[in-house]
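Below you'll find the structure, written out as structure tokens, and then a few comments.
Residue numbers (the working numbering): -11 to 239.
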């Protein structure tokens, strides 16, 4: 009887020991579980003024953004979750065309319509406000990417809003790309926005160049999101985007 009890006691000790080990292993696995992906915001400031309706520019811009968002949506969200926000400026003031949201949750984007003036200063102010919104862009987010595209000169007061954007804490840390579309774009002003030393301002001479530019932006952002250090900026690489398989009607 005593022997049986001792055996039962030893069996209970063994079971308890195995249970404790299993709990410890589970705890360790939880500790090493992949952390939640951090947001990587990409904010596009798009010129939708009347002149963008010429020479297929607005159509190419719509195609380029659609292609970029689809590419972002396919990326695995391991370290970084790519988010996209669209700010348009045309008419009298800038508008939030698409609130900042994870790319994989974007079912579609309403096509841009070109009309009116070029209130770029209003767009800078709206982008600044979005950057500093801690609810939209939490402190754990990776450094944002700002993309400015325009085919003309600002028609509102832009110097102070741009200076405030660039001087802000997050504006300073952001990677800022710019594209000048056509000969009438204000290249010098766009150069004040851009901070990529290797490619200060990309020049689009024709509609297909707009698609090429956004392909470069896509590659740069995807490289960041999949790297071990997503906070490090990646320079635009023109050579990677120089494919001639662009069929604007197919997208």
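Idealized CB from N, CA, C, for every residue including glycine.
Q. Who pairs with residue 169 in a beta bridge, going by DSSP?
A. Working through the chain shown from its first residue, we reach residue 169 at position 181. Beta-bridge pairing links residue 169 to 192.
(Q) Quick check on DSSP: helix, strand or coil for residue 210? (A) To locate residue 210, count along the chain shown from 1; it is residue 222. Note: residue 210 maps to helix in three-state DSSP.
Q: Please report how far the alpha carbon of residue 107 lies from the alpha carbon of residue 181, in whole angstroms.
A: Position 119 of the chain shown holds residue 107. Position 193 of the chain shown holds residue 181. In a straight line, the C-alpha of residue 107 is about 15 Å away from that of residue 181.
Q: For the alpha helix (DSSP H) containing residue 111, list its first residue and its last residue.
A: Taking the first residue of the chain shown as 1, we reach residue 111 at position 123. Residue 111 -> alpha helix (DSSP H) spans 108 to 119.
Q) the ligand COA heavy atoms versus the CB of residue 184: any closer than 7 Å? A) Although the ligand COA was asked about, the structure shown includes no ligands whatsoever.
Q. Taking the beta strand (DSSP E) that residue 84 falls in, what are its first and last residues?
A. The count along the chain shown starts at 1 and reaches residue 84 at position 96. Element bounds for residue 84: 81 to 90.
(Q) Checking 8 Å against the spacing of the C-beta atoms, do residue 172 and residue 140 come in under that value? (A) The sequence position of residue 172 within the chain shown is 184, counting from 1. The sequence position of residue 140 within the chain shown is 152, counting from 1. Yes; because the gap between Cβ atoms is below 8 Å, this pair is in contact.
Q: Determine the burial state of residue 89: buried for a count of at least 16 other Cβ atoms within 10 Å of its Cβ, exposed for fewer.
A: Position 101 of the chain shown, counted from the start, is the residue given in the question as residue 89. The residue is exposed, with fewer than 16 neighbouring Cβ atoms inside 10 Å.
Q. Quick one: what does DSSP say residue 157 is sitting in, helix, strand or coil?
A. Your numbering for residue 157 matches position 169 in the chain shown. Reduced to three states, the DSSP call for residue 157 is helix.
(Q) Closest to residue 83 by C-alpha separation, out of 65, 124, 109, 61, would be which residue? (A) The residue given as residue 83 occupies position 95 in the chain shown. Of the listed residues, the one whose Cα sits closest to residue 83 is 109.
Q | residue 75 versus residue 67: straight-line alpha-carbon distance, rounded | A | The residue you call residue 75 lines up with position 87 of the chain shown. The residue you call residue 67 lines up with position 79 of the chain shown. Rounded to whole angstroms, residue 75 to residue 67 spans 26 Å at the Cα level.
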